[in-house]
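Have a look at the structure below, then the notes.
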Amino acid sequence: MSLLRLEDVSKIFGGLIAVNDLSFTVEQGSIVGLIGPNGAGKTTVFNCITGNYTPETGDIFFDDQSIAGLRPHRIVSLGIARTFQSIRLFGRLPVLENALAGRHCRMKAGLIACMLHTAAQRREEKEAVARCMEELRFVGLAKHYAEPAGGLSYGNQRLLEIARALASDPRLLILDEPAGGMNEQETVALVETIQSIRNRGITVLLIEHDMRLVMKICEKLVVLEHGSMIVQGKPEDVQRNPDVIEAYLGADDMKW
Amino acid sequence: MKPFDIRQLLSAGLALLLLILPFICNAYWLDVCVSIGLYALLALSLNVILGQAGIFHMGHAAFFAVGAYTTAILNTSFQWPILWTMPLAGAAAAFFAMIVARPIIHLRGDYLLIVTIGIVEIVRIALLNDVGGLTGGSNGIFGISRPTIFGFRIAKGTQFYYLVWGMVGVSLLLFHSLWHSRFGRALNYIKEDDIAAEGCGIHVSHYKLIAFVLGAFWAGMAGTVYAAKMTTIAPESFNFLESVIIFAVVILSGGSHLGVLISAFLFIGLPELLREFSNARMLIFGFAMMAMMIWRPQGILPPRHRRYNTAVSLAKGTPPTVDFASTSKEETT
Numbered sequence: 008m009s010l011l012r013l014e015d016v017s018k019i020f021g022g023l024i025a026v027n028d029l030s031f032t033v034e035q036g037s038i039v040g041l042i043g044p045n046g047a048g049k050t051t052v053f054n055c056i057t058g059n060y061t062p063e064t065g066d067i068f069f070d071d072q073s074i075a076g077l078r079p080h081r082i083v084s085l086g087i088a089r090t091f092q093s094i095r096l097f098g099r100l101p102v103l104e105n106a107l108a109g110r111h112c113r114m115k116a117g118l119i120a121c122m123l124h125t126a127a128q129r130r131e132e133k134e135a136v137a138r139c140m141e142e143l144r145f146v147g148l149a150k151h152y153a154e155p156a157g158g159l160s161y162g163n164q165r166l167l168e169i170a171r172a173l174a175s176d177p178r179l180l181i182l183d184e185p186a187g188g189m190n191e192q193e194t195v196a197l198v199e200t201i202q203s204i205r206n207r208g209i210t211v212l213l214i215e216h217d218m219r220l221v222m223k224i225c226e227k228l229v230v231l232e233h234g235s236m237i238v239q240g241k242p243e244d245v246q247r248n249p250d251v252i253e254a255y256l257g258a259d260d261m262k263w
Numbered sequence: 005m006k007p008f009d010i011r012q013l014l015s016a017g018l019a020l021l022l023l024i025l026p027f028i029c030n031a032y033w034l035d036v037c038v039s040i041g042l043y044a045l046l047a048l049s050l051n052v053i054l055g056q057a058g059i060f061h062m063g064h065a066a067f068f069a070v071g072a073y074t075t076a077i078l079n080t081s082f083q084w085p086i087l088w089t090m091p092l093a094g095a096a097a098a099f100f101a102m103i104v105a106r107p108i109i110h111l112r113g114d115y116l117l118i119v120t121i122g123i124v125e126i127v128r129i130a131l132l133n134d135v136g137g138l139t140g141g142s143n144g145i146f147g148i149s150r151p152t153i154f155g156f157r158i159a160k161g162t163q164f165y166y167l168v169w170g171m172v173g174v175s176l177l178l179f180h181s182l183w184h185s186r187f188g189r190a191l192n193y194i195k196e197d198d199i200a201a202e203g204c205g206i207h208v209s210h211y212k213l214i215a216f217v218l219g220a221f222w223a224g225m226a227g228t229v230y231a232a233k234m235t236t237i238a239p240e241s242f243n244f245l246e247s248v249i250i251f252a253v254v255i256l257s258g259g260s261h262l263g264v265l266i267s268a269f270l271f272i273g274l275p276e277l278l279r280e281f282s283n284a285r286m287l288i289f290g291f292a293m294m295a296m297m298i299w300r301p302q303g304i305l306p307p308r309h310r311r312y313n314t315a316v317s318l319a320k321g322t323p324p325t326v327d328f329a330s331t332s333k334e335e336t337t
């Protein structure tokens with residue numbers, strides 16, 4: 008059964024059709040890559056899924072529940088977590104608190120409980136900290152937990168965004184160019200991290216320009232151009248597709 | 005770990021000073037200290053909105069006024085005992101805040117600032133115009149009785165001093181707990197980057213609204229104390245300048261609770277100290293403010309990072325080199 012299903016989704020900005028009648032599915036437990044040239048509408052698709060945009064037409068189903076038009080925080084609590092293309096961490100806050108931001112929606116303490124620090128609130132807080140430390144360890148940032156997030160290296164900031172997203176117990180993790188700005192070594196580590204995320208049973212949907220990364224880890228690719236899908240399928244099939252080659256302006260330029 | 009901590013020393017010193025002040029102050033200075041306490045209470049409540057959530061709200065005097073008038077009306081027209089009116093004054097201010105904040109909560113920065121200034125003016129003018137024949141127009145309401153606690157009547161300066169600063173103490177405890185909880189963090193996330201906060205699963209507009217309502221509730225309760233202390237209230241006590249002073253206290257403080265107290269002392273106490281310089285005092289005060297803005301724009305004491313004892317113990321168990329693949333597999337099973 009598909010975890011995420013887009014049906015004829017369109018998003019229009021003024022006169023520009025950013026996403027045009029797009030339909031695809033993301034299967035439970037898979038790693039799916041959304042690729043395409045710059046300006047193809049990939050991030051717009053992500054923003055529609057995560058609730059930052061409301062699609063003009065069509066519908067988006069997560070676990071057979073329509074989520075198009077829901078507010079972003081609702082979508083996170085349903086189980087879709089994201090990272091941002093341009094890193095959006097809380098730079099002045101410590102690394103641990105950034106991870107705790109993701110945990111927030113799984114915590115229940117209300118205003119009064121927070122003011123009185125009730126036993127339940129303290130227990131919940133402790134569990135949340137422990138859980139977030141676990142996620143930080145998972146991405147390799149546990150020892151930086153007390154440092155301000157803004158002081159981390161670029162690659163580590165991307166990892167922290169992933170940890171923050173994981174802290175919200177997602178069933179679907181959406182990564183917008185996770186390898187952007189990472190060096191070779193960091194990218195290799197990232198591939199392993201993404202694979203272990205999938206091994207935890209979390210479905211991954213990602214946008215990425217690093218074709219070697221995409222080819223290596225994705226089971227399925229969806230190729231966008233000018234907001235429309237040209238092709239979808241297995242990486243090796245997509246690679247050979249003449250439309251895809253043309254969209255990327257010639258096979259010779261491509262770093263497969 | 006440093007052997008001593010400057011903030012802890014400051015807090016202890018301030019607490020001690022506050023306890024002995026009534027024994028060393030004359031009636032005039034004690035009255036100033038009661039005023040400082042009231043401003044501290046108002047500033048602490050505004051700090052939740054402005055300092056922690058970063059919402060530019062310059063209309064806090066409006067909520068203060070709603071609280072004070074609720075108390076005055078209930079007390080003079082319906083003979084309610086003062087302290088019984090306190091929760092109701094808070095609730096009235098909170099309810100008012102909810103109604104006015106709801107439609108404007110999505111506004112950003114300076115736009116919101118302008119609307120909140122409008123709210124103060126609307127409230128002041130409504131009070132002047134004797135809405136519903138209840139507020140007494142420009143004369144205000146007089147003859148408000150003194151509060152009594154278990155038959156003990158609070159009328160003297162010293163008694164008010166302890167009432168006000170007792171409330172400040174309780175508020176400090178509650179607001180400190182709030183700051184060190186998911187709620188306080190949520191407000192900080194919103195202040196840092198509200199789009200990222202929403203993207204992480206935080207219901208931004210909800211939290212902003214709750215911050216407003218909570219701050220208003222406290223301002224309303226401060227209004228009760230003010231009405232009881234003055235026994236007479238008039239619309240001019242709740243003008244725009246009051247809002248600006250409370251706002252400035254919070255901005256000057258840097259956002260920490262200790263900072264708010266120190267800032268309230270400086271802001272209300274300093275002009276009184278400089279009173280002998282008569283005309284020049286506001287000038288000196290103005291220069292002091294400018295100097296602050298230039299050399300310490302972050303405020304007197306910005307809040308420190310929260311401490312997480314659980315994390316400290318957990319971090320010690322971190323292996324020196326982290327291997328993504330192996331650790332992840334162990335943890336997931």
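Protein chains in written order, with the working numbering: chain A, 8 to 263; chain B, 5 to 337.
The C-beta atom is built at its ideal place from N, Cα and C for all residues, glycine as well.
Here the structure is a predicted model, which is why all the values come from computation and not from measurement.
Using only CA atoms, which one of S15/B, I77/B and V104/B lies nearest to P92/B?
One detail in the question is off: residue 92/B reads as Leu in this sequence, not Pro. If we check each option's Cα against that of L92/B, I77/B comes out closest.
Just to confirm the assignment: which complete alpha helix (DSSP H) runs, minimum length 4, are found wholly within the segment 211 to 263 of chain B?
244 to 257
Have a look at I119/A, I201/A and Q239/A and flag the residue whose alpha-carbon is nearest the alpha-carbon of H184/B.
I119/A
Quick check: Y165/B and L46/B, are their CB atoms within less than 7 angstroms of each other?
no
Quick one, which of M140/A, L11/A, I237/A and V195/A has its alpha-carbon nearest S37/A's?
L11/A
Quick one: measure Cβ to Cβ for V211/A and L182/A, integer angstroms, because I've assumed they're closer than 8 angstroms.
7 angstroms
Residue burial classification, G109/A (beta-carbon count within 10 angstroms, cutoff 16)
buried
Do you know how far the Cα of F97/A is from the Cα of Q12/B?
27 angstroms
From G43/A to A105/B, what distance separates their C-alpha atoms?
44 angstroms
With a Cβ-Cβ cutoff of 7 angstroms, do L13/A and I67/A count as a contact?
yes
Assuming N27/A is part of the beta strand (DSSP E), what are its boundary residues?
L23 to E34
Assigned secondary structure, I169/A (DSSP; H/G/I helix, E/B strand, else coil)
helix
At 7 angstroms on the CB atoms, spell out the chain E contacts of L100/A, in chain order.
Among the chains of the structure shown, chain E does not appear; the protein chains present are A and B.
What does the alpha-carbon distance come out to for the pair V16/A and E63/A?
7 angstroms
Measuring only between beta-carbons, confirm whether S39/B sits less than 7 angstroms from chain A.
no
The beta strand (DSSP E) that contains S84/A, what's its start and end?
Unbroken run through S84/A is the alpha helix (DSSP H), P79 to L85; no beta strand (DSSP E).
How would you write the range of the alpha helix (DSSP H) that M297/B sits in, first residue to last?
R285 to W299
Please list the partners that F189/B has in chain A, where partner means a Cβ-to-Cβ separation under 9 angstroms.
According to the sequence provided, residue 189/B is Arg. The question's Phe does not apply to it. Near R189/B (Cβ distances below 9 angstroms), the residues of chain A are L100, E104, L107, A108 and H111.
Going by DSSP, what residue range makes up the alpha helix (DSSP H) through S203/A?
E191 to N206
So with Cβ pairs under 7 angstroms, would you call P79/A a contact of chain B?
yes
At what residues does the beta strand (DSSP E) containing F269/A begin and finish?
Residue 269/A cannot be examined here, being either before or after the span of chain A that is shown, 8 to 263.
Assign R171/A to one of two classes, buried (16 or more other C-beta atoms within 10 Å of its C-beta) or exposed (fewer than that).
buried
C-beta contact flag for V248/B and G55/B at 7 angstroms:
no
Beta strand (DSSP E) containing S235/A: first to last residue?
S235 to G240
For the alpha helix (DSSP H) that E280/B lies in, which residues bound it at each end?
Careful: E280/B lies outside any alpha helix (DSSP H) and carries neither H nor E.
CB contact check: L178/B to chain A, cutoff 7 angstroms
yes
Quick one: does R11/B have its CB under 7 angstroms from some CB of chain A?
no
Give me whichever residues DSSP pairs with D66/A in a beta bridge.
E14/A
Which two residues bound the contiguous alpha helix (DSSP H) that contains V172/B?
G161 to W183
Three Cβ pairs or more, each shorter than 8 angstroms: is that satisfied between the segment 139 to 149 of chain A and the segment 19 to 26 of chain A?
no
Excluding five sequence neighbours on each side, which residues of the same chain lie with their C-beta closer than 8 angstroms to the C-beta of S317/B?
none
Give a yes or no on whether 7 angstroms exceeds the smallest Cβ distance from G205/B to chain A.
yes
CA nearest to the CA of L85/A, picked from I94/A, T57/A and P101/A
T57/A
Extent of the continuous alpha helix (DSSP H) run through L41/A
From DSSP, L41/A is part of no alpha helix (DSSP H) but of the beta strand (DSSP E) over I38 to I42.
Given that I199/B touches chain A, what residues does it touch there, using C-beta distances under 9 angstroms?
N59, P79, F91 and R95
Express the C-alpha separation of E226/A and I204/A in angstroms, rounding to a whole number.
14 angstroms
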